[in-house]
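A.B. asks:
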Amino acid sequence: MSPRSSSLLLAAALFAAAPALAQDKVVFATNWKAQAAHGGFYQALADGTYRKYGLEVTIQPGGPQVNNRPLLPAGRIDFLMTGNLLHNFDNVKNGVPTVVVAAMFQKDPQALIAQPGQGYETFEALKNAPVALIAKDGQFSWWQWLKVTHGFRDEALKPYNYNLGPFLANPKAIQQGYSVAEPIYVENQGRFKPVVHLLADHGFSTYSTVIEARIDTVKNKPDLVQRFVDASILGWVNYLYGQRGAANALMIKDNPEMTEAELEASVALMKQQGIVDSGEALAKGIGAMNEGRIHDFYAQMVKAGLYKAGEVDLSRVATFQFVNRKVGLDVKAKLGGR
Numbered sequence: 045m046s047p048r049s050s051s052l053l054l055a056a057a058l059f060a061a062a063p064a065l066a067q068d069k070v071v072f073a074t075n076w077k078a079q080a081a082h083g084g085f086y087q088a089l090a091d092g093t094y095r096k097y098g099l100e101v102t103i104q105p106g107g108p109q110v111n112n113r114p115l116l117p118a119g120r121i122d123f124l125m126t127g128n129l130l131h132n133f134d135n136v137k138n139g140v141p142t143v144v145v146a147a148m149f150q151k152d153p154q155a156l157i158a159q160p161g162q163g164y165e166t167f168e169a170l171k172n173a174p175v176a177l178i179a180k181d182g183q184f185s186w187w188q189w190l191k192v193t194h195g196f197r198d199e200a201l202k203p204y205n206y207n208l209g210p211f212l213a214n215p216k217a218i219q220q221g222y223s224v225a226e227p228i229y230v231e232n233q234g235r236f237k238p239v240v241h242l243l244a245d246h247g248f249s250t251y252s253t254v255i256e257a258r259i260d261t262v263k264n265k266p267d268l269v270q271r272f273v274d275a276s277i278l279g280w281v282n283y284l285y286g287q288r289g290a291a292n293a294l295m296i297k298d299n300p301e302m303t304e305a306e307l308e309a310s311v312a313l314m315k316q317q318g319i320v321d322s323g324e325a326l327a328k329g330i331g332a333m334n335e336g337r338i339h340d341f342y343a344q345m346v347k348a349g350l351y352k353a354g355e356v357d358l359s360r361v362a363t364f365q366f367v368n369r370k371v372g373l374d375v376k377a378k379l380g381g382r
């Protein structure tokens, strides 16, 4: 054997024996139990995308008795998935040192649902409903916007306790719902397809399913943030347009109440409604954000009485350095996503 061959074999042996590069450990918390609206994150975990990006990710689900929000500023988690931008406006207003680094949903799935054949086929007709079943947090947030912008009336309000019974029993009632969840439950229990009106299609312009990080993480570990955002975006592309069976299995493990059929029905609704992949995301990639839209939503919330003009420094709500990079568009094209 030549000296050169011996050297090559030795180098190969040393390479094979070398330990794998250490993965950065990341704890990512969500705001609810595992469901299809979290699918892209579970996909990136299940198919190894996070690991490919040098991340050992633990997904920590939320739930009715679990509040993960305080854990981010306290440094006990690294990234947090929250709902819409109202949470982030509150964070800035209250001096919480967090910032939005990506928005996985171009549309907030918040919707109003009604029974078919009751005259609620148009959004405008909903304000005439005698009963509107709305939870307390909705009454003090987007319901105020509905009143100012679309003429809804407090007289119709009844509390929604996440039980479909009152809605199913009253054909003239309308009810809040998560557009990729409640319609499925209504069809399963009521045996009819409800009329679904997305608030996002009528001017409620917030982003949703946003990812928050601590300001110090963005400043001191931008590479870590970029890798987590990019891997999560690819997870969403593959979840929507690729093989998602392994991700669904992980979610069912974390949330045994969920079924494969419900997850698949929810994905179909996400695609149909353009929740994840629409608007800016079509050209700039999933997760896309822009400053103008954040300003527009805040102006609407000021008009609705939720905030005062100038009360929130909007420059601190989100950073755009990690998104709008067209990440995943090539993968989407290969998978035949449209």
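Going left to right, the sequence shown walks through residues 45 to 382 as this note's numbering numbers them.
Using N, Cα and C, we set each Cβ at its ideal position, and we do this for glycine too.
Take the Cβ of Ala66 as the centre, count every other Cβ of all protein chains shown within 10 Å, and call the residue buried at 16 or more, exposed below.
C.D. replies: Against the sequence shown, residue 66 aligns to sequence position 22. Looking at its Cβ environment, which holds fewer than 16 other Cβ atoms inside 10 Å, Ala66 is exposed.
A.B. asks: Where does the unbroken alpha helix (DSSP H) through Val375 begin, and where does it stop?
C.D. replies: In the sequence shown, residue 375 corresponds to position 331, counting from 1. Residues Leu373 to Leu379.
A.B. asks: Which one of Ile157, Val269, Leu201 and Ala332 has the shortest CA to CA distance from Leu243?
C.D. replies: Position 199 of the sequence shown, counted from the start, is the residue given in the question as residue 243. The shortest C-alpha separation from Leu243 is found at Ile157.
A.B. asks: On the DSSP letters alone, give me the boundaries of the beta strand (DSSP E) that Arg258 sits inside.
C.D. replies: Working through the sequence shown from its first residue, we reach residue 258 at position 214. Start and end: Ser252 to Arg258.
A.B. asks: Grouping DSSP H, G and I as helix and E and B as strand, with all else coil, what is Phe272?
C.D. replies: Taking the first residue of the sequence shown as position 1, residue 272 is located at position 228. Reduced to three states, the DSSP call for Phe272 is helix.
A.B. asks: Please classify Tyr342: is it buried, with 16 or more other beta-carbons within 10 angstroms of its beta-carbon, or exposed?
C.D. replies: For this step, residue 342 is matched to residue 298 along the sequence shown. Counting Cβ neighbours within 10 Å, Tyr342 comes out buried, since at least 16 surround it.
A.B. asks: If I'm right that Ser359 touches Lys151 with Cβ under 8 Å, what's the distance once you round it to whole angstroms?
C.D. replies: Stepping through the sequence shown from its first residue, residue 359 is reached at position 315. Stepping through the sequence shown from its first residue, residue 151 is reached at position 107. Their Cβ separation, rounded to whole angstroms, is 24 Å, which puts Ser359 and Lys151 out of contact at 8 Å.
A.B. asks: Would you give the residue range spanned by the alpha helix (DSSP H) that Tyr342 belongs to?
C.D. replies: Locating residue 342 in the sequence shown gives position 298, where the first residue counts as 1. Here the alpha helix (DSSP H) through Tyr342 covers Glu335 to Lys347.
A.B. asks: Measure from the alpha carbon of Asn292 to the alpha carbon of each residue in Trp76, Ile178 and Tyr86, then state which is nearest.
C.D. replies: Counting from 1 along the sequence shown, the entry for residue 292 is found at position 248. The candidate whose alpha carbon is nearest that of Asn292 is Tyr86.
A.B. asks: What does Gln154 pair with, by DSSP beta-bridge criteria?
C.D. replies: One-based indexing of the sequence shown puts residue 154 at position 110. According to DSSP, which records beta bridges pairwise, Gln154 is partnered with Tyr222.
A.B. asks: Across which residues does DSSP place Ile103 in a beta bridge pair?
C.D. replies: On the sequence shown, position 59 is the one that residue 103 refers to. Partner(s): Phe72.
A.B. asks: Are the CB atoms of Ala78 and Met333 within a distance shorter than 8 Å?
C.D. replies: The sequence position of residue 333 within the sequence shown is 289, counting from 1. The sequence position of residue 78 within the sequence shown is 34, counting from 1. No. Outside cutoff.
A.B. asks: Should His339 go down as buried or exposed, given a rule of 16 or more other Cβ atoms within 10 Å for buried?
C.D. replies: Position 295 of the sequence shown, counting from 1, holds the residue named residue 339. So His339 ends up on the exposed side.
A.B. asks: Output the distance between the C-alpha atoms of Val375 and Glu100, rounded to the nearest integer angstrom.
C.D. replies: Stepping through the sequence shown from its first residue, residue 375 is reached at position 331. Stepping through the sequence shown from its first residue, residue 100 is reached at position 56. Answer to the nearest angstrom: the Cα atoms are 22 Å apart.
A.B. asks: Closest to Val192 by C-alpha separation, out of Met302, Val71 and Gly247, would be which residue?
C.D. replies: Taking the sequence shown and counting its residues from 1, one reaches residue 192 at position 148. The shortest Cα separation from Val192 among Met302, Val71 and Gly247 belongs to Gly247.
A.B. asks: Could you have a look at Thr363 and say whether DSSP puts it in helix, strand or coil?
C.D. replies: The residue given as residue 363 occupies position 319 in the sequence shown. Residue state, collapsed to three classes: coil.
A.B. asks: I'd like to check one pair, Ile319 with Pro153: are the Cβ atoms closer than 8 Å?
C.D. replies: Your numbering for residue 153 matches position 109 in the sequence shown. Your numbering for residue 319 matches position 275 in the sequence shown. Yes, Cβ-Cβ distance for Pro153 and Ile319 is below 8 Å.
A.B. asks: If you reduce the DSSP assignment to three classes, tell me which class Ile330 lands in.
C.D. replies: Working through the sequence shown from its first residue, we reach residue 330 at position 286. Ile330: coil per DSSP, three-state reduction.
A.B. asks: Looking at the structure shown, is Ile319 part of a helix, part of a strand, or coil, going by DSSP?
C.D. replies: Locating residue 319 in the sequence shown gives position 275, where the first residue counts as 1. Ile319: coil per DSSP, three-state reduction.
A.B. asks: If you scan the stretch 180-239 from start to end, which runs of the beta strand (DSSP E) of 3 or more residues do you find wholly inside it?
C.D. replies: Correct list: 201-203 and 217-222.
A.B. asks: In or out: Asp274 buried (at least 16 other Cβ within 10 Å) or exposed?
C.D. replies: For the purposes of this step, residue 274 is taken as residue 230 along the sequence shown, with counting starting at 1. Buried.
A.B. asks: Suppose you measure from the CA of Ala88 to the CA of Ala213; what does that come to, to the nearest Å?
C.D. replies: The residue labelled residue 88 in the question sits at position 44 within the sequence shown. The residue labelled residue 213 in the question sits at position 169 within the sequence shown. So the two alpha carbons sit approximately 41 Å from each other.
A.B. asks: Just to confirm before moving on: does the CB-CB distance between Ala353 and Gln188 stay below 8 Å?
C.D. replies: For the purposes of this step, residue 353 is identified with residue 309 of the sequence shown, where counting begins at 1. For the purposes of this step, residue 188 is identified with residue 144 of the sequence shown, where counting begins at 1. No; because the gap between Cβ atoms is not below 8 Å, this pair is not in contact.
A.B. asks: For Leu278, which of Asp267, Ala80 and Leu373 has the nearest alpha-carbon?
C.D. replies: Here residue 278 is taken as the residue at index 234 of the sequence shown, counted from 1. Closest option to Leu278, Cα to Cα, is Leu373.
A.B. asks: What did DSSP end up calling Val144 once you bin it into helix, strand or coil?
C.D. replies: Position 100 of the sequence shown, counted from the start, is the residue given in the question as residue 144. Note: Val144 maps to strand in three-state DSSP.
A.B. asks: Can you have a look at Tyr97 and say buried or exposed, based on whether 16 or more other CB atoms are within 10 angstroms of its CB?
C.D. replies: As a working mapping, residue 97 is identified with position 53 in the sequence shown. Looking at its Cβ environment, which holds 16 or more other Cβ atoms inside 10 Å, Tyr97 is buried.
A.B. asks: For the stretch 133-148 against the stretch 117-125, are there 3 or more C-beta pairs whose distance is under 8 Å?
C.D. replies: These segments touch.
A.B. asks: Express the C-alpha separation of Arg95 and Pro63 in angstroms, rounding to a whole number.
C.D. replies: On the sequence shown, residue 63 is found 19 positions in, with the first residue counted as 1. On the sequence shown, residue 95 is found 51 positions in, with the first residue counted as 1. The predicted model places Pro63 with a pLDDT of 42, which falls under 50 and marks its position as unreliable, so this point remains unresolved.
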